[in-house]
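Heads up, the thing below is written out as structure tokens.
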Amino acid sequence: MRRWFSFKKGQFFIISTILIVAALISIEGYFSGYTEIDPLSTVDVSDQYIFWNVDDQLRETVSNYNCPELTTIAKEYEYFVESELKRGGYDLNIHFTRICPKPTEGYILLITDRTFLNKSFSYS
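In this note's numbering, the protein residues as written are 8 to 131.
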């Protein structure tokens with residue numbers, strides 16, 4: 008009788024180990040979607056950061072200058088930002104429909120191979 012019990016004890020250990028491993032693999036499979044990192048979400052955030060940063064700087068530029076010099080400054084800002092971002096692979100277009108008299112109006116358009124962002128603005 009004693010031999011039979013020790014033989015069953017080994018079987019119980021092996022079966023218990025298999026069940027525990029199967030349970031751990033199932034739990035890991037269930038939670039694997041929560042630990043995956045999406046690298047494109049970081050890129051999207053970067054594109055949005057650039058877009059809103061250009062928008063904020065444009066608003067600040069318009070508010071800091073008066074009309075006689077604002078036309079020149081706005082065109083310089085447009086050229087500088089568009090050329091710098093083009094080097095980084097971004098296609099940014101700032102189009103002014105009216106610079107002076109204030110409010111300055113237009114739109115900003117950012118196009119990459121991943122995103123398309125646009126915004127109309129009216130700053131005074």
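C-beta atoms are modelled at their ideal positions from N, C-alpha and C, and glycine is treated no differently.
Under 8 Å between C-beta atoms of residue i and residue j
i	j	result
I118	F128	no
L99	E89	yes
I57	T68	no
Beta-carbon proximity list for residue i, same chain, < 8 Å, skipping 5 on both sides
i	result
S70	Y130, S131
E85	I101, F103
G40	none
D62	I115, K126, F128
Which residues DSSP lists as bridging residue i, in chain order
i	result
N100	L116
N125	L116
T111	Y130
R105	E112
Nonlocal neighbours in the same chain, by C-beta distance under 7 Å from residue i, ignoring five residues either side
i	result
P110	S129, Y130, S131
Distance, residue j Cα to residue i Cα
i	j	result
N73	N125	26 Å
N60	S33	45 Å
F38	L26	19 Å
T24	E35	16 Å
C107	R66	14 Å
Q18	V28	15 Å
A30	Y97	48 Å
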